[in-house]
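*Asks:*
There are 2 protein chains.
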Amino acid sequence: LLACHVALAQNDPLPSWNDGAVKTAVTAFVERVTADGSSDFVPAPERIAVFDNDGTLWCEQPVYFQVAFAFDRVSALAPQHPEWKTEEPFRSLLAKDMKTFTANGEKSVLAVIAATHAGMTTDDFRQAVLDWIATAKHPRFNRLYTDLVYQPMLELLGYLRANGFKTFIVSGGGIEFMRPWTEKIYGIPPEQVVGSSAVTQFDMGADGKPVLMKLAKTEFVDDGSGKPVGINRFIGRRPIFAFGNSDGDLQMLQWTAAGAGARFMGLVHHTDAEREYAYDRQSSVGRLDKALDEAAARGWTIVDIKRDWGRVFAWE
Amino acid sequence: LLACHVALAQNDPLPSWNDGAVKTAVTAFVERVTADGSSDFVPAPERIAVFDNDGTLWCEQPVYFQVAFAFDRVSALAPQHPEWKTEEPFRSLLAKDMKTFTANGEKSVLAVIAATHAGMTTDDFRQAVLDWIATAKHPRFNRLYTDLVYQPMLELLGYLRANGFKTFIVSGGGIEFMRPWTEKIYGIPPEQVVGSSAVTQFDMGADGKPVLMKLAKTEFVDDGSGKPVGINRFIGRRPIFAFGNSDGDLQMLQWTAAGAGARFMGLVHHTDAEREYAYDRQSSVGRLDKALDEAAARGWTIVDIKRDWGRVFAWE
Ligand SMILES: [Ca+2]
Ligand SMILES: [Ca+2]
Numbered sequence: 004l005l006a007c008h009v010a011l012a013q014n015d016p017l018p019s020w021n022d023g024a025v026k027t028a029v030t031a032f033v034e035r036v037t038a039d040g041s042s043d044f045v046p047a048p049e050r051i052a053v054f055d056n057d058g059t060l061w062c063e064q065p066v067y068f069q070v071a072f073a074f075d076r077v078s079a080l081a082p083q084h085p086e087w088k089t090e091e092p093f094r095s096l097l098a099k100d101m102k103t104f105t106a107n108g109e110k111s112v113l114a115v116i117a118a119t120h121a122g123m124t125t126d127d128f129r130q131a132v133l134d135w136i137a138t139a140k141h142p143r144f145n146r147l148y149t150d151l152v153y154q155p156m157l158e159l160l161g162y163l164r165a166n167g168f169k170t171f172i173v174s175g176g177g178i179e180f181m182r183p184w185t186e187k188i189y190g191i192p193p194e195q196v197v198g199s200s201a202v203t204q205f206d207m208g209a210d211g212k213p214v215l216m217k218l219a220k221t222e223f224v225d226d227g228s229g230k231p232v233g234i235n236r237f238i239g240r241r242p243i244f245a246f247g248n249s250d251g252d253l254q255m256l257q258w259t260a261a262g263a264g265a266r267f268m269g270l271v272h273h274t275d276a277e278r279e280y281a282y283d284r285q286s287s288v289g290r291l292d293k294a295l296d297e298a299a300a301r302g303w304t305i306v307d308i309k310r311d312w313g314r315v316f317a318w319e
Numbered sequence: 004l005l006a007c008h009v010a011l012a013q014n015d016p017l018p019s020w021n022d023g024a025v026k027t028a029v030t031a032f033v034e035r036v037t038a039d040g041s042s043d044f045v046p047a048p049e050r051i052a053v054f055d056n057d058g059t060l061w062c063e064q065p066v067y068f069q070v071a072f073a074f075d076r077v078s079a080l081a082p083q084h085p086e087w088k089t090e091e092p093f094r095s096l097l098a099k100d101m102k103t104f105t106a107n108g109e110k111s112v113l114a115v116i117a118a119t120h121a122g123m124t125t126d127d128f129r130q131a132v133l134d135w136i137a138t139a140k141h142p143r144f145n146r147l148y149t150d151l152v153y154q155p156m157l158e159l160l161g162y163l164r165a166n167g168f169k170t171f172i173v174s175g176g177g178i179e180f181m182r183p184w185t186e187k188i189y190g191i192p193p194e195q196v197v198g199s200s201a202v203t204q205f206d207m208g209a210d211g212k213p214v215l216m217k218l219a220k221t222e223f224v225d226d227g228s229g230k231p232v233g234i235n236r237f238i239g240r241r242p243i244f245a246f247g248n249s250d251g252d253l254q255m256l257q258w259t260a261a262g263a264g265a266r267f268m269g270l271v272h273h274t275d276a277e278r279e280y281a282y283d284r285q286s287s288v289g290r291l292d293k294a295l296d297e298a299a300a301r302g303w304t305i306v307d308i309k310r311d312w313g314r315v316f317a318w319e
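Below, the structure written as C-alpha cells:
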C-alpha cells in the first residue's frame, strides 16, 4: 500500500482531480509543509488532517446514510414501539415521509439515533452496523453505501498519509456507526474517528463478563462548535489541514485557521446534479451557507465538484 | 529510535527487568501474538496496549504529581480567592496539610483540578503545564517529575511498539495535564492519551480568533468503570494488553480480559520503600486491594517492584 502511494506520488498523486487552482492549492500546501528547509515546514507528528465525513468523504443525499441505517432499525424495532405510529420523528420515518422528517433537520436524526442506537451492547451495535453496511443499497445508485465514497477524497487521504500526515474523521455522525468500517474503506482506524456519541455504561454481566451498554442519552454532539471541542478532546492538537462541506464545519475550519504557520482549509461544494447532487444554501441536509461566504472572504479552498473532480465515484 | 528498539529487541528488550516469571510472561505474550502462524496471532492494527499513568508509568507518591502542580496553581491563585483560607480542600492544600487533603482522596484532587484548571484557554493551560513540568522538583528525590518515570515501563513501551503495538495512556489524571509532555517522555502522542477532562467551550475572541475555554465543570472521570468507557470512546477497540496499579484499573483489566483470544493483564505492585515507595491495600493514593485479589485469583501478572525491576529510575 505504501509502495502504491509512493508510486502515485511520483506520478500524479491525485489522478481524479482535474488540473486547476484547487488541485494546485492542495499539492502546493503539502509541498510547503513537508519540504526540508521550507519556512513552512511542519514536523510529521504535527501534520494532523481532519475530515468531515457526510458530504465530504462520502455522499449524504437524499438523507444522511446513518438515517437510512436508522430507517431499517426503526422498521425492525417498530413492533416493540406502538407509540412510534404517532410520535415524530418516528411516524414520518416509518411512513417514509422524508419531507417531514428532514424538516426538523439534525434534531430528528439525533432523536432517531438515540432511540435506535440504545439498549444494546457496543459489540451488538457494531455487528448491526457491519451487517447493514455489507448489504443495504442506496436508493438512487443501487449500490452499497460504501461504494459512494468520493474517489478524489480517497486519493487525498492516501496522498496526505504518504506525506506523513495522520488523517482523522471529525463528523457529526455517530462515532459507533463509523468505526466498524472506516479502517477498511478510508484507511482510518477507529482510534482516529471523532464523532457524536451516546452515553455508555459499564455493566458486569450475569456470566461475569463485563459489557458496555449504549444508553438513550446523548453524550456529545460533534457538530458546529462541538467540532473544535471534539478535536481538542480526542486529538489534543490543532489540525493544520481541515476539510468540510457544510455550516457544521465552520468552527472546525475557523479553529484550524487560527493556528500559527501554514494552514489549509477546504470545503466541498456539491455542484454536480448529474454525477452526484447539487445543493448548498437551501438544503436541509448539509446546508452550506455561512461557511461558503466565509470561505470566499478568507480565501479558503472551495472544491467545485463539477469543475474539480474528473471522477466522483471509483466505479464511474 | 526505531533502529534503537530493533537493536534492543535483538539482545534483551527489557534490560531493567530481572529475569523471572514476570518478565517471561511479558515476552512470551508478545511472541505469541506476533509470531506468524501462531494460533494466538493478532494483526498489528488490533495490538492495542493501554497503560494507566500514575503509579504505573511514573511515581505517584507522596501525592499524585498533578496535585503538586495544583499546589503551585492554588498558591499562585490564592490572592484572588480569599475564601480558600477556610474552604476545603483548598485550606489544607495551602497549609500543606497533606494528611487532611489526601483523606478525601480523589474528591479533593478533582475539586482542586476543577478550581485551578479552569477559567483559561486550553493553550494557556498547556503553557502553564509545560512551564511547571520543566522546573518543579519532587520533594523526596529533588528531581524533575519527569525523571520519576519508571525505566522498565519505558522499555516495555518501546518493546511493544517495536512489535507493532500502538501504546495508549488511560489515566484518571487530567488529559490536558498529560498531553503536553507524554510524547517527549513516553513516545505517546497527545491523540493516544485518554484521561479525565473538564468541559471546554468554543468562544470567538474579540480579535476574531476562536479559543477553547476550560470551564470549572467535570466532563469525564476516567477512573474505575470510566476506564472501559473511556477506552471505548477514545480508542474504539478493546485492548489486548493492559497495565495498571490500583483498584481504579480493575474494570479496565476486566474489560481487557473479557475479549476473545490472547490477553495480557498486568499490575504494578509497589513493594520497594527503599528505591521508591511501598504501599497497597491501605494507601489513600493508588490503593491496590480488590484488584490485587482479583489478579491473584485470575492469574494476571503482578509486578513486584523489589523483585522484578533491576532498576526503577533511569538515573539510578
Ligand atoms: Ca458534512
Ligand atoms: Ca494509577
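Which chain is which? The protein sequence lines are H and B, in order. Note that my numbering has the first sequence beginning at 4, numbered continuously upward. Note that my numbering has the second sequence beginning at 4, numbered continuously upward. Quick reminder that beta carbons are idealized off the backbone N, C-alpha and C, glycines included.
The beta strand (DSSP E) that contains B/Q204, what's its start and end?
*Replies:* For this step, residue 204 of chain B is matched to residue 201 along the second sequence. Its beta strand (DSSP E) spans residues V196 to M207.
*Asks:* Let me make sure I understand the geometry here. Which of B/T125, B/T124, B/Y282 and B/L151 has the alpha-carbon closest to that of B/I136?
*Replies:* Reading the second sequence from its first residue, position 133 is the one you call residue 136 of chain B. Nearest of B/T125, B/T124, B/Y282 and B/L151 to B/I136, Cα basis: B/L151.
*Asks:* Can you give the beta carbon distance from B/G233 to B/V196, rounded, assuming they're within the 8 Å contact cut?
*Replies:* Along the second sequence, one-based indexing puts residue 233 of chain B at 230. Along the second sequence, one-based indexing puts residue 196 of chain B at 193. So it is not a contact: roughly 11 Å between Cβ atoms.
*Asks:* Quick check on H/A52: does DSSP put it in helix, strand or coil?
*Replies:* Taking the first residue of the first sequence as position 1, residue 52 of chain H is located at position 49. Note: H/A52 maps to strand in three-state DSSP.
*Asks:* What I want to know is whether the C-beta of H/T59 ends up closer than 6 Å to one or more non-hydrogen atoms of ligand 1.
*Replies:* Within the first sequence, residue 59 of chain H is the residue found at index 56, counting from 1. Yes, since a heavy atom of ligand 1 falls inside the 6 Å radius drawn around the Cβ of H/T59.
*Asks:* Would you mind telling me which residues of chain B sit closer than 7 Å to H/V224, beta carbon to beta carbon, in chain order?
*Replies:* To locate residue 224 of chain H, count along the first sequence from 1; it is residue 221. The premise fails here: H/V224 is roughly 12 Å from chain B at the closest Cβ pair, so nothing lies under 7 Å.
*Asks:* At a Cβ cut of 7 Å, what residues of the region 222-253 of chain B count as close to chain H, listed as they run along the chain?
*Replies:* The residues in question are S228, P231, V232, N235, R236, F237, I238, G239 and R240.
*Asks:* Could you check the C-alpha separation between B/A31 and B/L80 for me, to the nearest Å?
*Replies:* Working through the second sequence from its first residue, we reach residue 31 of chain B at position 28. Working through the second sequence from its first residue, we reach residue 80 of chain B at position 77. The straight-line gap from Cα to Cα measures roughly 51 Å.
*Asks:* Would you tell me roughly how many angstroms separate the C-alpha atoms of H/D226 and B/D296, rounded to the nearest one?
*Replies:* For the purposes of this step, residue 226 of chain H is taken as the residue at position 223 of the first sequence. For the purposes of this step, residue 296 of chain B is taken as the residue at position 293 of the second sequence. Distance between the alpha carbons of H/D226 and B/D296 is about 44 Å.
*Asks:* Would you identify the three-state DSSP class for H/F246, choosing helix, strand or coil?
*Replies:* What you label residue 246 of chain H is simply residue 243 of the first sequence in a count that begins at 1. H/F246: strand per DSSP, three-state reduction.
*Asks:* Would you report the Cα separation of H/A299 and B/P85, rounded to the nearest angstrom?
*Replies:* Position 296 of the first sequence, counting from 1, holds the residue named residue 299 of chain H. Position 82 of the second sequence, counting from 1, holds the residue named residue 85 of chain B. Each residue's Cα considered, the two are about 50 Å apart.
*Asks:* Select from B/A263, B/F223, B/D206 and B/D250 the residue whose C-alpha is nearest the C-alpha of H/T203.
*Replies:* For the purposes of this step, residue 203 of chain H is identified with residue 200 of the first sequence, where counting begins at 1. Out of B/A263, B/F223, B/D206 and B/D250, B/F223 has the C-alpha closest to the C-alpha of H/T203.
*Asks:* Does the CB of H/F217 have a neighbour CB from chain B at under 7 Å?
*Replies:* By 1-based counting over the first sequence, the position of residue 217 of chain H is 214. Rather than Phe, the amino acid found at residue 217 of chain H in this sequence is Lys. For H/K217, the answer is no, since every Cβ of chain B falls outside 7 Å of its Cβ.
*Asks:* B/T125: buried (16+ other C-beta within 10 angstroms of its C-beta) or exposed?
*Replies:* As a first step, residue 125 of chain B must be located in the second sequence, where it is residue number 122. B/T125 comes out buried.
*Asks:* Alpha carbon to alpha carbon, how far is H/Q130 from B/V53? Give it in angstroms, no decimals.
*Replies:* In the second sequence, the residue the question calls residue 53 of chain B occupies position 50. In the first sequence, the residue the question calls residue 130 of chain H occupies position 127. Spanning the two alpha carbons is a distance of roughly 24 Å.
*Asks:* Hey, would you say the C-beta of B/N248 is under 6 Å away from at least one heavy atom of ligand 4?
*Replies:* Absence of ligand 4 is noted for the structure shown, with ligand 1 and ligand 2 being the only ligands found.
*Asks:* Quick one: Cα of B/P213 to Cα of H/L256, how far?
*Replies:* As a first step, residue 213 of chain B is located in the second sequence; it is residue number 210 there, counting from the start. As a first step, residue 256 of chain H is located in the first sequence; it is residue number 253 there, counting from the start. C-alpha separation (whole angstroms): 10 Å.
*Asks:* Exposed or buried, which one is H/S174 when buried takes at least 16 other CB atoms within 10 Å?
*Replies:* As a position in the first sequence, residue 174 of chain H is number 171, starting the count at 1. Result: buried.
*Asks:* Using a Cβ cut-off of 7 Å (strictly closer), state whether H/T274 contacts chain B.
*Replies:* As a working note, residue 274 of chain H is residue 271 in the first sequence. Not one chain B Cβ lies under 7 Å of H/T274.
*Asks:* Could you please give the first and the last residue of the uninterrupted alpha helix (DSSP H) stretch that includes B/D311?
*Replies:* Indexing the second sequence from 1 puts residue 311 of chain B at position 308. Counting along the chain, the alpha helix (DSSP H) containing B/D311 begins and ends at I308 to D311.
*Asks:* Does the region 137-147 of chain B come into contact with the region 155-171 of chain B, if we say contact requires no fewer than three beta-carbon pairs (one atom in each stretch) closer than 8 Å?
*Replies:* No: the two stretches stay apart, fewer than three of their Cβ pairs being nearer than 8 Å.
*Asks:* Just to confirm, are B/H272 and B/I238 a CB contact at a threshold of 7 Å?
*Replies:* By 1-based counting over the second sequence, the position of residue 272 of chain B is 269. By 1-based counting over the second sequence, the position of residue 238 of chain B is 235. Their beta carbons are not under 7 Å apart, which means B/H272 does not touch B/I238 by this criterion.
*Asks:* Determine the burial state of B/V147: buried for a count of at least 16 other Cβ atoms within 10 Å of its Cβ, exposed for fewer.
*Replies:* Translated into the one-based positions of the second sequence, residue 147 of chain B becomes position 144. Note that residue 147 of chain B is Leu in the sequence shown, not Val. That one is exposed.
*Asks:* Alpha carbon to alpha carbon, how far is B/Y162 from H/F72?
*Replies:* Within the second sequence, residue 162 of chain B is the residue found at index 159, counting from 1. Within the first sequence, residue 72 of chain H is the residue found at index 69, counting from 1. Between B/Y162 and H/F72, the C-alpha separation is close to 42 Å.
*Asks:* To the nearest angstrom, report how far apart H/K220 and H/A117 are at their CA atoms.
*Replies:* In the first sequence, counting from the first residue as 1, residue 220 of chain H sits at position 217. In the first sequence, counting from the first residue as 1, residue 117 of chain H sits at position 114. Cα to Cα, H/K220 sits roughly 6 Å from H/A117.
*Asks:* Which residues bound the beta strand (DSSP E) around B/F267?
*Replies:* Mapped onto the second sequence, residue 267 of chain B falls at position 264. Element bounds for B/F267: F267 to T274.
*Asks:* Please check if any C-beta of chain B sits within less than 7 Å of the C-beta of H/W184.
*Replies:* In the first sequence, counting from the first residue as 1, residue 184 of chain H sits at position 181. Cβ-Cβ to chain B under 7 Å: no for H/W184.
*Asks:* Rounded to whole angstroms, what's the CA-CA distance from H/R290 to B/D134? Just pull it up for me.
*Replies:* Numbered from 1 along the first sequence, position 287 holds the residue referred to as residue 290 of chain H. Numbered from 1 along the second sequence, position 131 holds the residue referred to as residue 134 of chain B. Near 43 Å, if we compare the C-alpha coordinates of B/D134 and H/R290.
*Asks:* Is the Cβ of B/A121 closer than 7 Å to any Cβ of chain H?
*Replies:* The residue labelled residue 121 of chain B in the question sits at position 118 within the second sequence. No, no contact with chain H.
*Asks:* In angstroms, rounded to a whole number, what distance separates the CA positions of B/W318 and H/Q254?
*Replies:* One-based indexing of the second sequence puts residue 318 of chain B at position 315. One-based indexing of the first sequence puts residue 254 of chain H at position 251. Approximately 46 Å, taken between the alpha carbons.
*Asks:* State the beta-bridge partners of H/T304 as determined by DSSP.
*Replies:* In the first sequence, counting from the first residue as 1, residue 304 of chain H sits at position 301. Per DSSP, H/G269.
*Asks:* Threshold first: 3 residues or longer. Then list the beta strand (DSSP E) segments lying entirely within the region 47-109 of chain H, N to C.
*Replies:* Those beta strand (DSSP E) runs which fall completely within the region 47-109 of chain H and span 3+ residues are 51-54.
*Asks:* Shorter than 7 Å from the beta carbon of H/T259 to some beta carbon of chain B?
*Replies:* Sequence index remark: in the first sequence, residue 259 of chain H carries index 256 (1-based). Chain B contact via Cβ: absent.
*Asks:* Helix, strand or coil: how does DSSP classify B/G175 here?
*Replies:* Taking the first residue of the second sequence as position 1, residue 175 of chain B is located at position 172. Strand, per DSSP.
*Asks:* Going by the DSSP bridge assignment, what does B/Y282 pair with across the sheet?
*Replies:* Here residue 282 of chain B refers to the residue found at position 279 of the second sequence. B/H273, per the DSSP bridge assignment.
*Asks:* For a contact meaning CB atoms closer than 9 Å, what does H/F267 contact in chain B?
*Replies:* Taking the first sequence and counting its residues from 1, the one referred to as residue 267 of chain H is at position 264. Neighbours of H/F267 on chain B: none; closest Cβ ~17 Å, over 9 Å.
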